[in-house]
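Participant: Numbering (my numbering), first residue to last: -7 to 347. Think of the CB as a built atom: it goes at the ideal place given N, C-alpha and C, for glycine as much as any other residue.
(1) Rank 276, 274, 43 and 294 by C-alpha distance to the C-alpha of residue 251 and give the top, closest one.
(2) Shortest alpha-carbon distance to residue 291 belongs to which of 46, 19, 189 and 258?
(3) Tell me whether residue 349 sits in a helix, a strand or coil according to DSSP, three-state version.
(4) Excluding sequence positions up to five away, which residues of its chain have a Cβ less than 7 angstroms from the Cβ of residue 344?
(5) On a CA-only basis, which of 260, 278 and 71 is nearest residue 288? Give me that one, please.
(6) Below 8 angstroms on the Cβ atoms is my guess for residue 181 versus residue 192; work out the distance and round it to an integer in Å.
(7) At which residues does the alpha helix (DSSP H) containing residue 174 begin and terminate?
(8) What's the call for residue 188, buried or exposed, on a 16-neighbour Cβ count within 10 Å?
(9) Can you have a look at residue 270 and say buried or exposed, based on whether 16 or more other CB atoms are within 10 angstroms of its CB?
(10) If residue 97 and residue 47 are in contact, beta carbons under 8 angstroms, what's the gap, nearest whole angstrom?
(11) Under the assumption that residue 99 contacts residue 14 (Cβ atoms under 8 angstroms), give the Cβ distance between them as a whole number of angstroms.
(12) Taking all protein chains shown into account, do 16 or more other C-beta atoms lie within 10 angstroms of the C-beta of residue 299, making it buried, or fewer, making it exposed?
(13) Between 254, 183 and 154, which has its C-alpha nearest residue 89's C-alpha?
(14) Please classify residue 130 as buried or exposed, where buried requires at least 16 other C-beta atoms within 10 Å of its C-beta.
(15) Can you tell me which of the three DSSP states residue 265 falls into?
(16) Within a Cβ cutoff of 8 angstroms, which residues of the same chain sit near residue 228, ignoring the five residues on either side of it in sequence?
(17) Who are the Cβ neighbours of residue 58 in its own chain at under 6 angstroms, not counting the five residues just before and after it?
(18) Measure the alpha-carbon distance for residue 114 versus residue 135 and round it to whole angstroms.
(19) Are the CB atoms of residue 186 and residue 149 within a distance shorter than 8 angstroms?
(20) Of the choices 71, 93 and 275, whose alpha-carbon is the least far from that of residue 36?
(21) Taking the alpha helix (DSSP H) that residue 118 belongs to, which residues open and close that run?
(22) State the start and end residues of the unbroken alpha helix (DSSP H) segment that holds residue 64.
(23) For a quick check, are the C-beta atoms of residue 73 and residue 50 less than 8 angstroms apart?
(24) From which residue to which residue does the alpha helix (DSSP H) around residue 40 run?
(25) Taking DSSP as the reference, what is the three-state secondary structure of residue 235?
(26) Does residue 262 pass the burial test, meaning 16 or more other C-beta atoms within 10 Å, or should it be called exposed?
(27) Just how far apart, CA to CA, sit residue 104 and residue 308?
(28) Looking only at C-alpha atoms, which of 7, 173 and 305 sits nearest to residue 101?
(29) Pull the bridge partners of residue 74 from the DSSP assignment, please.
(30) Short of 8 angstroms in beta carbon distance, which residues of its chain neighbour residue 53, apart from the five on each side in sequence? Order them along the chain.
(31) DSSP beta-bridge partners for residue 133?
Here is the structure:
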């Protein structure tokens, strides 16, 4: 469990003085003191047979059960372990982002600290990235889940279906924390709030090509689960944000303005019809339909105005050097300059593959 660091190299406790590893493993931790020794040992065992060098960034998210002290003890004896201590409990998304901000490897792996994910499956995900250049992200699929509680299985199934249909990124298991990425994808996304549930959608927006592979799953044996049925309602709210982000981030007028037109159009027709009725001498002052028409037109106008303000903010954000509007990779052709080109084939020898 030496982490592939030669004895002549300084230990990775000072990352600036060590060469960057091939793989950075990020694990958010919250009150998992009993699982930490096994977690570190099993990650070391899983990676020991790999030709890739690695580091483990264990991000403590304000634990109150002694996890921080245990991480310091483990780091003193484990050169490839880099503990990161957050000042308080910020949530899983912030803990992951704190780890992403510090990764140095060309591959990034994430998993939970509760040992329900199998660290021995990390090489499986890395092998897919190593052998398939068309894949930028490999997401684990807990095909045979070992959760006994219906309060975890049912919300997970509902969330997976809902997120897949809404975002167009179809995965069996959005909730599996065991994932592997190419580094450029991690550099392009930012997590805040509780967006860790939607990393595949954010990665797809950043240009990632995603694959899903079955991985092992274990029942929790130590510690307490942090999830419950109330998580489903939070997922629905976050999903609205993600769908808007993916579809309308650079064109908010299409979202707000489109809804505004759908509201204002029937309102305008109602008011036009009431105007005709008024011209024929009928009283319309006491009709509820008049109030409905006025309210629809006003709400539609407000939505269109919100869309215009959103467009202005979007343009200001991008022109001020905010997030890029797109991600691109330039293809460099490896050719020798000033070399004579190959002679063109003669008409007699040209293949006749005309369809």
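Facilitator: Taking the geometry as given:
(1) Within the chain shown, the letter at position 259 stands for residue 251. It is 294 whose Cα lies nearest to the Cα of residue 251.
(2) Numbered from its first residue, the chain shown carries residue 291 at position 299. When 46, 19, 189 and 258 are compared, the shortest CA-CA separation from residue 291 is found for 258.
(3) With the chain running from -7 to 347 in the structure shown, residue 349 is simply not present.
(4) On the chain shown, residue 344 is found 352 positions in, with the first residue counted as 1. In this prediction, residue 344 scores a pLDDT of 39, lower than 50, which makes its location untrustworthy; the coordinate-derived value is nonetheless stated afterwards. Excluding positions up to five away in sequence, the list is empty.
(5) The residue labelled residue 288 in the question sits at position 296 within the chain shown. Looking at the Cα atoms, 260 is the closest of the given residues.
(6) Counting from 1 along the chain shown, the entry for residue 181 is found at position 189. Counting from 1 along the chain shown, the entry for residue 192 is found at position 200. Residue 181 to residue 192, Cβ: 10 angstroms. No contact.
(7) As a first step, residue 174 must be located in the chain shown, where it is residue number 182. Where residue 174 is concerned, there is no enclosing alpha helix (DSSP H), although the beta strand (DSSP E) it sits in stretches over 171 to 174.
(8) Locating residue 188 in the chain shown gives position 196, counting from the first residue. Buried, because 16 or more other Cβ atoms sit within 10 Å of the Cβ of residue 188.
(9) One-based indexing of the chain shown puts residue 270 at position 278. Burial call: exposed.
(10) Position 105 of the chain shown, counting from 1, holds the residue named residue 97. Position 55 of the chain shown, counting from 1, holds the residue named residue 47. The pair is a contact, with the Cβ atoms about 7 angstroms apart (cut-off 8 angstroms).
(11) As a first step, residue 99 is located in the chain shown; it is residue number 107 there, counting from the start. As a first step, residue 14 is located in the chain shown; it is residue number 22 there, counting from the start. With a beta-carbon spacing of about 6 angstroms, residue 99 and residue 14 fall inside the 8 angstroms limit used to define contacts.
(12) Here residue 299 corresponds to residue number 307 of the chain shown, with the count starting at 1. Buried, since its Cβ has 16 or more Cβ neighbours within 10 Å.
(13) In the chain shown, the residue the question calls residue 89 occupies position 97. Taking only the C-alpha atoms, the option nearest residue 89 is 183.
(14) Within the chain shown, numbered from 1, the residue matching residue 130 stands at position 138. Of the other Cβ atoms in all chains shown, 16 or more fall within 10 Å of the Cβ of residue 130; this residue is therefore buried.
(15) As a first step, residue 265 is located in the chain shown; it is residue number 273 there, counting from the start. Reduced to three states, the DSSP call for residue 265 is helix.
(16) Within the chain shown, residue 228 is the residue found at index 236, counting from 1. Within the same chain, residue 228 has close Cβ partners 154.
(17) Taking the chain shown and counting its residues from 1, one reaches residue 58 at position 66. Cβ within range, chain order: 25.
(18) As a working note, residue 114 is residue 122 in the chain shown. As a working note, residue 135 is residue 143 in the chain shown. Rounded to whole angstroms, residue 114 to residue 135 spans 16 angstroms at the Cα level.
(19) Mapped onto the chain shown, residue 149 falls at position 157. Mapped onto the chain shown, residue 186 falls at position 194. Contact: no.
(20) Reading the chain shown from its first residue, position 44 is the one you call residue 36. Among 71, 93 and 275, the Cα nearest to that of residue 36 is on 71.
(21) One-based indexing of the chain shown puts residue 118 at position 126. Start and end: 114 to 123.
(22) Locating residue 64 in the chain shown gives position 72, where the first residue counts as 1. Counting along the chain, the alpha helix (DSSP H) containing residue 64 begins and ends at 59 to 69.
(23) Locating residue 73 in the chain shown gives position 81, where the first residue counts as 1. Locating residue 50 in the chain shown gives position 58, where the first residue counts as 1. Contact: yes.
(24) One-based indexing of the chain shown puts residue 40 at position 48. Residues 28 to 40.
(25) The count along the chain shown starts at 1 and reaches residue 235 at position 243. In the structure shown, residue 235 sits in a helix (DSSP, three-state: H, G or I).
(26) As a working note, residue 262 is residue 270 in the chain shown. The residue is buried, with at least 16 neighbouring Cβ atoms inside 10 Å.
(27) As a working note, residue 104 is residue 112 in the chain shown. As a working note, residue 308 is residue 316 in the chain shown. As the crow flies, the alpha-carbon of residue 104 is around 38 angstroms from that of residue 308.
(28) One-based indexing of the chain shown puts residue 101 at position 109. For residue 101, the nearest C-alpha among the options comes from 173.
(29) In the chain shown, counting from the first residue as 1, residue 74 sits at position 82. Paired residues: 49.
(30) Translated into the one-based positions of the chain shown, residue 53 becomes position 61. If the five residues before and after residue 53 are omitted, its C-beta is found closer than 8 angstroms to the C-beta atoms of 20, 21, 22, 78, 81, 82, 83, 84, 86 and 87, all from its own chain and listed in chain order.
(31) Within the chain shown, the letter at position 141 stands for residue 133. For residue 133, which the question treats as bridged, DSSP gives the partners 206.
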